[in-house]
Each structure stands twice: as C-alpha cells, then as structure tokens.
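Novice:
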Amino acid sequence: MGDSSEKYKSQVHHELRNNRVEPHDTDMAKDNKGFGADPETSVELKAIVKKEMDTERAPGRVLDELSSEEWQNDISSFIKVHKIKQRKSERDGDVEDVNSFGEIEFIGFGQSTNKRAPYIRVAEDTPATTLWKLLVEQWKIPKPKVLISVTGGAQNFFFKDDRLKILFNKGLFKAAISTGAWIITGGTATGVMKKVGEAIKEESQGTTENEVVALGIATWNVIDNNNALTNTSSQRGCWPAKYAESDLNREGRGQLKLTALDCNHTHFILVDHGKQSYGADIELRAKLEQFIAKNGGKELGNGDSRDSKKENTDIPVVLVVVEGGYGTIETVYQSLGKNNEGAATEGQAGEGIPVVIVDGSGRAADIIAEALRLRGDNESANTIDGMKDSVRSVLKGDRNSQEDCISWLKQISAPSNRKLITVFHMNDANFKDIDRAILHGVLQAQTLTGKTDKQLRLAVALNRCDIAKDHIITAERQPEWQGNTDSLDEIMFLALRQNKADFVELFLAHIVDMDRFLTYDRLWKLYDSVVRGDVGDADIRISTGHILKEKLHVASQPSEEILEKVGSLLRKLTEDEYDALYQERPKEGKKVSDPDKHLFLWAVLLNRRALAILFWKRLATGNIGAALIAGRILRALSVYAKEKEELTLHFDLLKHADEFEHLATGVLESCYEADKDLSKLALVRTLPAWGNTTCLSIAYSAKHMNFMEHDCCQSKLQRVWKGNLLIHSTIQWLKFFVGTILPIFPFMTFLAKDFAAIYERDGDKKATSRKFGCANYFFRWRSVYPKMGTEVRQSGFKEEDVTFWEGMRYFYTAPISKFLYSMVSYIILLLLFAYFILTDLRPNGEANSPGIIEWIVVIWVGTLVVEEVRQLIVREPKSMKYKAISWFSEVWNRFDLAMYLLFAVSLVLRLVLPPSKFSTARVMYCVTFIAFCVRLLHMGFVFKEVGPKIIMIIKMIKDLTYFLFILIVFIAGFGIANEAILYPNMEPHFHLMVRSLYKPYWQLYGELFLEEIEGLVENETCYEDPRFMNVCPQVEEYRWVAPTLTAIYMLISNILLINLLIAMFSFTFQRVQDNAEVIWRFYRFGLISEYQDRPTLAPPLIVINHLYRFIIYLNNCTMGKTDKKSHSLSVWLEKGSRTDENLNLFERKHLQNYFIKKNQQRMNSIENTVSSTDKRLDNVEKIAAEILKLMKK
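For the record, in the sequence shown the residue sitting at position 1006 is 1005 according to numbering that gives the first Met the number 0, with numbers rising by one throughout.
(1) Can you tell me the Cα-Cα spacing of residue 1073 and residue 661, whole angstroms?
(2) Excluding the 5 residues flanking residue 314 on each side, which residues of the same chain have their C-beta closer than 8 Å to its C-beta?
(3) Relative to the C-alpha of residue 101, which candidate in 133, 129, 82, 814 has its C-alpha closest?
(4) Determine contact between the stretch 992 to 1010 and the stretch 1061 to 1071, defined as no fewer than three beta-carbon pairs at a distance below 8 Å.
(5) According to DSSP, residue 242 sits in a beta bridge with which residue or residues?
(6) May I have the straight-line CA-CA distance separating residue 259 from residue 221, to the nearest angstrom?
(7) Over what stretch of residues does the beta strand (DSSP E) that includes residue 269 continue unbroken?
(8) Sort 373, 284, 359, 372 by Cα distance to residue 329 and report the nearest one.
(9) Measure how close the beta-carbons of residue 413 and residue 459 come, nearest whole angstrom, since I'm counting them as under 8 Å.
(10) On a Cα-Cα basis, can you pick out the residue from 923, 645, 1075 that is closest to residue 898?
(11) Out of curiosity, what's the CA-to-CA distance linking residue 820 and residue 875?
(12) Smallest Cα separation from residue 486: which of 468, 454, 498, 464?
(13) Contact between the stretch 1039 to 1056 and the stretch 1074 to 1086 is defined here as three or more beta-carbon pairs at a separation below 8 Å; is this criterion met?
(14) When the Cα of residue 836 is compared with those of 527, 461, 921, which residue comes out closest?
(15) DSSP three-state label for residue 684, please.
(16) Just checking, does the stretch 1127 to 1141 make contact with the stretch 676 to 689 on the three C-beta pairs under 8 Å criterion?
(17) In whole angstroms, give me the CA-to-CA distance for residue 578 and residue 686.
(18) Considering only the beta carbon of each residue, do residue 1103 and residue 862 sit closer than 7 Å?
(19) Here's a check: name, in chain order, each residue in its chain whose Cβ is nearer than 6 Å to the Cβ of residue 62, leaving out the five neighbours to either side.
(20) Per DSSP, which residues does residue 316 bridge with? Please list them.
(21) Please indicate yes or no: does the CB of residue 186 lie closer than 6 Å to some heavy atom of the ligand GTP?
(22) Name, in chain order, the residues that DSSP records as bridge partners for residue 222.
(23) Around the Cβ of residue 1185, are there at least 16 other Cβ atoms within 10 angstroms (buried) or fewer (exposed)?
(24) Would you kindly work out how many angstroms separate the C-alpha atoms of residue 691 and residue 515, rounded to a whole number?
(25) Pull up the CB-CB distance for residue 367 and residue 394, whole angstroms please, since I reckon it's below 8 Å.
(26) Which word fits residue 1187, buried or exposed, when buried means at least 16 other C-beta atoms lie within 10 angstroms of its C-beta?
(27) What runs of the alpha helix (DSSP H), each 4 residues or longer, lie entirely inside the stretch 891 to 971?
(28) In or out: residue 1046 buried (at least 16 other Cβ within 10 Å) or exposed?
(29) What's the call for residue 389, buried or exposed, on a 16-neighbour Cβ count within 10 Å?
(30) Hey, could you find the ends of the alpha helix (DSSP H) residue 181 is sitting in?
(31) Evaluate the contact criterion for the stretch 211 to 230 versus the stretch 255 to 274: three or more CB pairs, one atom per stretch, below 8 Å.
(32) Just reading off the beta strand (DSSP E) that residue 120 is part of, what are its end residues?
(33) Return the residue from the list 192, 552, 130, 1012 that minimises the CA-CA distance to residue 564.
(34) In terms of residues, what are the limits of the beta strand (DSSP E) holding residue 417?
(35) Write down every uninterrupted run of the alpha helix (DSSP H) in the stretch 537 to 618 whose length is 4 residues or greater and which is fully enclosed by it, in chain order.
(36) Go to residue 358, then tell me how far its beta strand (DSSP E) extends in each direction, as first and last residue.
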C-alpha cells in the first residue's frame, strides 16, 4: 500500500507541477476515492494539493521541451487522474480504463509527412472540459481563435469539377490560416473528411510555417483495423501505434462498413459507445464544440479573482456543411441549439452555432439551401412539407427518417435561425471566397452578435479587414459603434501595436478621432510595447524593435523616459538637423499636437511600411520633406542593421528608404507638371514641423540622388546658381565674362526679382487673384537703361528700371560670380605659393626671410581657414557636436583639414628649424603645395563633363587602398625571400627592410634588377654601388632560386594583380559613368549651396565680409532678434499665412493626384487584365452551361 500511495502522490505532484489539476477537478482533495488509498494517504494528498496551489505555478511546458518518455507519463497520469474511460466492446453499459491512446504512425497511406498524430479512445459521456484540457494542456495544441467544424457526406463524395475543388481547398485553408482556427471533422478517409484532409495536404505543401490543426472526432467501432490502436498488455498506450494501409479490412463487420482514419489529420478523438453502429461522435462533438465556444477562451483556472483579471475571449465556432445525409441535417439542427426550441425571439440569434451551407456541394447541403429559399423570411413552416419527395429521392431511407428530416428542416429554416445561417453558392461565378462566407458565419456567433467591439477585436485578431469593412463598420450599424469611443480607441491601439495598417486606415476613416485618440501616454505605450518584443504581424526579420531596444537602452521594466530617449535617438539618426522631440516630460493625459506626425515617425522607426505611408499621406504640411526625412532615418537604421550583420533587415530598410524617396519624387513630379514655379518654391520653403529645414537640404544630407536629379530640383539650382543674371545665349555669356573685368552692367539683362522673394513679399495679395498663376507674371526682365537694353515685359508689374547699383549688387551676389572670382583668387594664390617656394624660401634669420610673398600667402590661407570655420558654424545641425560630424562627413572638408594642418606644420617648421635642417620645412611646403593644387579639383564639380571624372578618381583611390593591402602582402613575401637568399646574415638595420621592399616595388614598373638577381654583378661594381650595402650577392650555391621566385612574383604581380586593379577601376568607372548625370547633379548642390551662402568678396578680401557679418550677429544677439532672413535656397513663410496655406493645399492636392494616377496604372497592369479575363471566362462558362441545359430539355 505504501508503494501505491507514493505512486499516486507522484502522479498528483506531476499534474500540479504542470498546472493541469485544480482542486475542483478531482476528488483527491475531498476524499480518497479513485486512488485506492487509505485516509492517511488522502491527508498527504490534500497537503500536496494545498502546497502546490499556494505556490506560484510555472507555465506549462511546450511539447518540444518534454522528453518522449516524460510526455507519455504525463498522458497516462492525466487519464488516470481525470478517470477517462472507454466502453467494453462486448457489453454496452460497462466501461473500463483506457488502453487505446498514444500516437498514430501512418504507414503506406501516401501522407506528405511522417509526423505522428496523437489520439485517444473515450466513452461517449466523457466531459467536454476533460477533453479540452487534454487537447490544450496535454497535446499542447495552441488555443484556437476560431473553430471550424466541417460536416457532410461520409461516403463517396466528390466535387463536380476541378474548379470547385480548388475553390474549396484554397478557401478552407485560407480561412483556417488567417484565423488561427482548428478544423474539426469526422476524421475518416471517406467523403468530406477525406476532402478536408486532402485540402490541408495540398495547400500546406512546401511550407512549414502555416500548420493547420485538423481534429478528427470519429466513432471507434467503425474504424478499420482499430486493434492496431490498442495496447492490450498495459495501460500505457501505444507509442507509436503503427497503422498500416496493408492491414485494413476492406470487407467490414457484417452490414457495418468500416473506414480508415485519414492520414492528413493531426489529432484524433475516437468515441466509443459500445455499439456496432455510426453516430457515437455526433453528440460528443456537439458538446465539445459548444464548450469551446463558451469556455475555450477562458483561463483554465479555479475561478478566483486572479483569473477574473485576465481577458477571457470567447472562441467563435462555425459549422461548415458540405453535402451529407440525414446525420448532417441532424448535426445542423443540434448546432443551432436553443433556437430550435423557440427559446429565441424571432429575428434574433440565440445560443446556437453559426452554420455555413455550401450550396452546390450536393445532397443534404443543397436540401437545406432549398428549404431556406422556399420558406424565405415570412413563409409558414408548412412550405417545407412540399420537400418530402426531394428528401426521399436525394437522401433515401425509411419513412421515420424522412419525417424527422422534414421536422429538422422546419426548425432550421425558422426565421429565428436566419442570422445564424450563411449560404455559400459554389456554382455562382461571382462567389470565389469561401473563407469570407466562413468568417461571416463566425461573426453571427451568439457571443458576438450585436457587440461591435467584440466583433472588431475578433476581426483584428483574424486580420480580416474586409470582413470588418463589409459587415461591422457599415452605415446600418453606425449607432452601435458611435457611442463606444473608449472601447474603439483600445481596438485602434491594438491595431497599431499589431501592425494592422488596413484596420488603422478603416478606423481613421470612420470611427477614430486622431486628435482625441493620441495622448502622450498612448504614444509611450506604443514605443514601450514594441521595443519589448511585441511586433504584432510584422515580420520579425525586418523589425527594428531590437535595434531600438539597444539604442534606447530600455531596461527590463517600463521606463517613463522612453519618449525622451526616442527624441535623442531621432536627433542622432538625423544628425541634429531637425528639432528634437519629447525633450520635456508631458503631463499625464495630455493630447499630442500633430498626432499624424508622431505616429508617422513611430512607424518609420519600427520599419512598418504600410503604417508609415498611411500617416505620411495624412500629414497636413510638408509631405515631400517628411518623405525625405523618413528615407534619411531608414538609411541611418540600415547602418545599424549592417553593423549587427543582419543583412535581410539592412536591405529591407534601404528598400523602404528608396520607396519613400520614390514617393517624394513622384509627388514632386505631379506638382511640377501642374505649376513649375510653385513646385520650386516648395523645394526651398522652410518646414517649421521639421526644424525649419528645406526639402533640398534634407535630400542632400540624406543622399537622395534620384530626388535631386529631378528637373524641378535642377531647374531651381540652375536659377540659384545664376542668381538674378539672365544668361542663356552666347552673347549673354560673353557679356558676363566681360562684366567680371569691366562694369558693363548697362549692357546686361537681369531678373529684377527672384521668384521666391516676390512670392514671399507679395504672395498673399497676388496669389489670391491669380490662383497660383505664378509663371505668367512673377518673372520680369528689365535692362538697366531701356534705350540700351532689350526690354522683356510680363503682365502683372508696372514698368520700372534696374538701377546701376541694383545691377551691380545682382551681378556680384550671384553664386556664379562668387565662384568665378573665388576660382581666380585661388589660382592667384597657387601662383604666389609656387613663386615663393621656387624662388624665395630661405631659412629663418637670413635677410628678407620670410619674404613678402610668403607672408601674403600665409594671410591668404588664414582667410580661407576663417571661411571654413564660418561654414562649420552655420551648418544645419543645432549643436556644435553634430555640426562637426556633418562637416567632417564630406570628403573635401576632410581634405581641407589635412591640407591646412600640413600648411600649419610647414609654417611652424619654417619658423623654428635651423638652417641645417631647413630642407625638412621645404619638403613640407612642397607637399602642401601639391595638396593645394589637388584642392582645385573641387571647383570642377560645377562642370558637367569634369564633375563625374573627379568622383571616379575619388572612388578609384578607395579601390587602390584596398588593392595596396593585397599588393603589399606579395611585395613583402617575395621581396624579403629574395633578399634573404641573395644577402644572408646581414647586420640588423632599418635600411635592410626598406631595401627588401624597394626592388619588388620597382619591378612592377619594369626595373627588374636581373644582374643582381642572377649574380652577374662584378665585385668592384657592387662594392661601389650604395644599393648593395658593400656586399655582393651570394648566389653560387642556389643561383636558380632567386630568378625562379622573381619569375613567379612577376607573373602574379604584373599579370594577375595589375589586371585585377584594372578590372576594379573599370567596374568603378562604369558604375559612375552609368549614373554620371545623377551623381553630378547631386554633388552640384553642395557647391552651389556653398557659394550661395559664401560672402561676396573673394579671399583675402573675404575677411571684410566676415567682420561685417560678425558685427550684425552681435547686434542681433544684443537686440534679441532672430535671423530669419530668406534667400534663394531657404524661404521663410509665415505659418498660417495665405501663401503657406495655399502651398500646403497645392502639395496635398498633388499627393492625392499622384496616388490616383498610380492606382490607375495598377488597374491597367497586365495582372489586372489577366484577372478580368478570368472573371469573364467564368461568366462565359456559366452561360454555356445554362445553354446546354436548355438544349437538353
């Protein structure tokens, strides 16, 4: 007895440890029944239960974490604790312990996988709660979100054509996958059950991610070869039960036809009622389905307060009827539940299970559909009596069965059941989605009927926005959801968190007020939930949640500072070019201003493409700029992903960034087609929502080359480059070049005002009268003196002349003029630099040293350094740290830094070195001069033919750097080897290593040193030659080795490596050449922007401008003024002004036009054409079938 009690105590420990036994589920805590134990053992068991229940229970382990033997013991213990029984075969009333359970291994059935299917044999009166615990806790099946129960023909059912078969297979599988459903059938390899198994097999082939749970509930005594499923020697089950196709008994037992289990089902419950007949499974299956519908979503707890805090979601159940016989009609009758007994009022859904009738599948399904059509909504039940002949001819059977069937049909077709029944017409060409019919049936479940919030939660969980749009968010049901804002806001939050963009768009269009919805608390929760791993339906491979978690330094517990950290991260990603967000902690419940902007940034940071585009389209201002900013953020995130070697995420982020660049370019194109001048203004107007930057500035800093290549951007840059000068013809260019020397302004033509400046000053007055007709009158050309110049007038302005001083100002402030004077100034500097290092560079201390020319060069270079410092200070970023980072990121700025450092070192050495070491200073000056000459290349970016070539040189230098690493390996290897052979046991010296590398390097260029390598150098010569360090080559013993190594080295270096370098250069050249126009147009902006903002005077006189600007800056600081002066690349528009509002409307209008045009293109695509053709063919097929029927009649 002691061993027995220890055994039972062990079982109880095991069950409680796995969270599977509750005090109310077993009598162990009340008495000692069922265990054969004495009272003392019972007391011990009570103590075990209490102790285990008082401690915090660990969550149930998944099946994969359990060993095979441990899991088998779990199943055996569960069966004993819950007293699951089976019927004895010889007598109907007796029961016995279950010995038919375990796993089925199908052999010879042609199944797609060798995965075993768990099964159990149970009595027909087994409690549904016990079976539910077995399924979820022991078999570890994930809880379903929906239960799809399929019933129908159990004999030789087949589809009338392949189209219907494909329609059924795809629809059923799609419904199961999209809803996370279980499919329940009879589980046998006949009729509809077999078709369901085949559907699961065919649709799931080639994928391991989407596994459908197919539960077969069948009658034990009609299963062929059920002896293979029984362990007669013990009560431990069969692990596995080998169920072979070759062992089946095709003949049956008497008149009872046996059937095999279907190998494509995943789990089996075999119901034993002790009789040699069908139907044992019908009642148990109905009870289980109804139990799951009411209790399946609840926690399997003990009902205390702790469980009540958990969200318990009902699991909808839907019955799908395909063909079938009398049993099918009875199943439908029982599934409708209390409605059949008049408990529900007419027109209302009661507590039954929704039913989907597949009309056109044959027999019982067609009869039920016909009964529904005959009775309609108001007809008497007596109309069903006219179907007796149809029932008799189609179903066949005895008279009592037919009368029962008519009675069932009357109840099924009652008006109280109409909302629970959905009819899907398979033969109708317009009906192609059986999954929609199934999901529509799900919404009719009594737990969801009339409850908009629950239905929406289910639709969100199932990710079926089409169902929500067609059946929930409708005009007829508007009163149901209009007054339930709090619940709907929670569902909106759920849709955002789970990345359901379709639902978010639907909610925003109909039921959610974004200004009310988004508070800082909700925004904080959105960031906090996602960075902690809740990615919703987002692909985990392309989610940036883990990157944000790392960069935000999120702790294990929720942090109230997460928004501040997000603001800092955005600042880092954009290099502080835009206003920092969330720097002050808001008050609880405070609404977020401009909520679409904040959710747009949230979606971009999390790489949620659909949501990001949705909120981008909803922005009230600066859509083009916002798209460019999104691209910049995504590119910065892609760098982090690449650092973590997550290449899938890296390339997806780059693709996402390119998509936003494409969107910005598309909207700009639509704007440019409508109004060129207004589009140019949109490029240069400041964006207050994004730190008062401009679209061109964002595109350049984010390296959006395709956007910068657009004609609108280049036309604006060309206009900025020429300033107010009108230069188009050869004569005008000639006048310009002469004007740089002589003040011939009276002979030149100008644009009297820049378009942006006029629009800024007069836009409110003139835009209203002309409705953006800017191109007609905003430009006017006037000569200085009308008599001497050609006058070109446009409407909208009175005649007025450009004065001499205005013309002078326009000429000298134009970026092209600044560039020309700067280039001439720089060339003069180089000439002076070359002059003094060639003729007047003497040691300090001699007469007239340093010379006047040298001091002029030093002062000149000093003014260039001051200009570089000014450019650093006025850059876009707000803080000096990011200003320095932004400045240093440009290659020419890094080159400038090195060049000026070289000059400073040269100057210091020149002043401090004595005459004996003055050569060092001379060499440094010469190297610095080379750098100054190379710096002249930067000015070549202004020329279309030269700019791409300079880019090629820069990129080829990078290639050469990588190549040199490979080359040095071979130079060092062969050089040192040859040196050791020719000159063994040399004294250690630095020149020894230099000489070892000296010869193999020059051999690349044809200097082979063959006499030395072959030992042909005469003794007198080698001692006189300083290269040999007074030692002759010693090659007497191994004369052939050095030449052989040299030959191999020459083969590798001159043939292999040099050709590799040529190939690298060719690839770089071709890559740049293919995109030469794009690359040149992009880098051109940097040069134009630099000279647009550059002071008017060229170095060294530029220092005068610097002093003037510094005085103005000090005056503004003293007076508390903010410098918001507009210029051609940055136009300030007063927020809320008519100009600003009109420009926002213009941009949003063409954003919508862009998407309309894009949708039209998609509709006209080849795929859409094929789809439309397919639909027309279906209609033709239907008409042809009807014609054939008429011809037969």
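We put the beta carbon where it would ideally sit given N, CA and C, even for glycine.
Values in this document were obtained by computation on a predicted structure and should not be read as measured data.
Specialist: Let me lay it out:
(1) Rounded to whole angstroms, residue 1073 to residue 661 spans 20 Å at the Cα level.
(2) Its chain contains 142, 143, 144, 145, 146, 291, 292, 295, 296 as the residues whose beta carbon lies nearer than 8 Å to that of residue 314, once the 5 sequence neighbours on both sides are disregarded; these appear in chain order.
(3) With respect to the C-alpha of residue 101, the residue from 133, 129, 82, 814 having the closest C-alpha is 133.
(4) As far as the Cβ criterion goes, the stretch 992 to 1010 does not touch the stretch 1061 to 1071, which means the pair count is below three.
(5) In DSSP, residue 242 forms a bridge with 105.
(6) Between residue 259 and residue 221, the alpha-carbon positions lie close to 8 Å from each other.
(7) Per DSSP, residue 269 belongs to the beta strand (DSSP E) from 266 to 271.
(8) Here the closest residue by C-alpha is 284.
(9) The pair is not a contact, with the Cβ atoms about 33 Å apart (cut-off 8 Å).
(10) Among 923, 645, 1075, the Cα nearest to that of residue 898 belongs to 923.
(11) The straight-line gap from Cα to Cα measures roughly 26 Å.
(12) Out of 468, 454, 498, 464, 454 has the C-alpha closest to the C-alpha of residue 486.
(13) The stretch 1039 to 1056 vs the stretch 1074 to 1086: no contact.
(14) With distances taken between Cα atoms, residue 836 lies closest to 921.
(15) In the structure shown, the three-state DSSP call for residue 684 is strand.
(16) Counting Cβ pairs under 8 Å, three or more are found: they touch.
(17) Using only the alpha carbons, I get a separation of about 11 Å.
(18) Cβ distance not < 7 Å, so residue 1103 and residue 862 don't count as in contact.
(19) Below a pLDDT of 50, predicted positions are generally treated as unreliable, and residue 62, at 42, falls in that range; the measurement from the model is reported next regardless. Scanning its chain for C-beta atoms nearer than 6 Å, with the 5 sequence neighbours on each side dropped, one finds around residue 62 the residues 139, in chain order.
(20) Assignment of beta-bridge partners to residue 316 by DSSP yields 146.
(21) Looking for the ligand GTP in the displayed structure turns up nothing, as the structure carries no ligands at all.
(22) Residue 222 is bridged to 258.
(23) Label assigned to residue 1185: exposed.
(24) Those two C-alpha atoms are separated by around 27 Å.
(25) Going by Cβ atoms, the distance from residue 367 to residue 394 rounds to 11 Å, so no, they are not a contact pair.
(26) The residue is exposed, with fewer than 16 neighbouring Cβ atoms inside 10 Å.
(27) Fully enclosed alpha helix (DSSP H) runs of 4 or longer: 917 to 934.
(28) Residue 1046 should be labelled exposed.
(29) Answer is exposed; the Cβ neighbour count stays below 16.
(30) Per DSSP, residue 181 is not a residue of any alpha helix (DSSP H); the beta strand (DSSP E) it occupies stretches across 181 to 184.
(31) Yes: the two stretches touch, three or more of their Cβ pairs being nearer than 8 Å.
(32) Where residue 120 is concerned, the enclosing beta strand (DSSP E) stretches over 116 to 122.
(33) Looking at the Cα atoms, 552 is the closest of the given residues.
(34) Segment: none, residue 417 is in no beta strand (DSSP E) and carries neither H nor E.
(35) Runs of the alpha helix (DSSP H) inside the stretch 537 to 618: 544 to 551, 561 to 572, 594 to 604, 608 to 617.
(36) If you look at residue 358, you'll find it in the beta strand (DSSP E) that goes 354 to 358.
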